[in-house]
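Here the structure is laid out as structure tokens; the discussion comes afterwards.
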């Protein structure tokens, strides 16, 4: 059974920091591209950051320079370190796994981040 379980969300003041973590089980983690998405109330889901199997990263323009995605293939985890948080970062953040040479994709249940002004 595949599971992606996020943790680390919460309420933080603008300018603060949070670290989200996603623990994966039931998959061969190192062959999956991992990503974080977010969805704010009333808005479409957007891609926040991705990290390839080799560790290459990409970020949405709105978070570049403030967020850092990382992965630990030994622990089957992918983290999102968020600095200088803004109220517009308020959203539910979800972990996503995509098999590099296969059709399998998986989503976590999401963790809520609220940034107060």
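In our numbering, the protein residues as written are -3 to 113.
All residues carry an ideal CB built from backbone N, CA and C; glycine is no exception.
In this text, all values refer to a predicted model and were calculated from it rather than measured experimentally.
Open item on the list: Among 52, 60, 56 and 107, whose alpha-carbon lies nearest the alpha-carbon of residue 67?
Closed with: Cα-wise, what sits closest to residue 67 is 52.
Task: Distance between residue 32 and residue 89 (C-alpha atoms, nearest Å) - done: One C-alpha to the other measures close to 7 Å.
Task: 8 Å Cβ cutoff met for residue 96 and residue 27 - done: By the CB criterion at 8 Å, residue 96 and residue 27 fall inside the cutoff.
Task: Nearest-angstrom Cα separation, counted from residue 12 out to residue 3 - done: Computed Cα separation, rounded: 17 Å.
- [ ] In the DSSP assignment, find the beta strand (DSSP E) that holds residue 68 and state where it starts and stops.
- [x] Residues 63 to 68.
TODO: Check the DSSP bridge columns for residue 47 and list the partner residues they point to.
DONE: According to DSSP, which records beta bridges pairwise, residue 47 is partnered with 30 and 53.
- [ ] Note down, in chain order, each residue of its chain lying with its Cβ closer than 7 Å to the Cβ of residue 69, except the 5 sequence neighbours on either side.
- [x] If we look at residue 69 and ignore the five residues flanking it on each side, its Cβ neighbours are 25 and 26.
- [ ] Compute the distance between the beta-carbons of residue 91 and residue 14, then report whether it is under 8 Å.
- [x] No.
- [ ] Assign residue 10 to one of two classes, buried (16 or more other C-beta atoms within 10 Å of its C-beta) or exposed (fewer than that).
- [x] So residue 10 ends up on the exposed side.
- [ ] Output the boundary residues of the beta strand (DSSP E) element that contains residue 75.
- [x] Note, residue 75: beta strand (DSSP E), 73 to 78.
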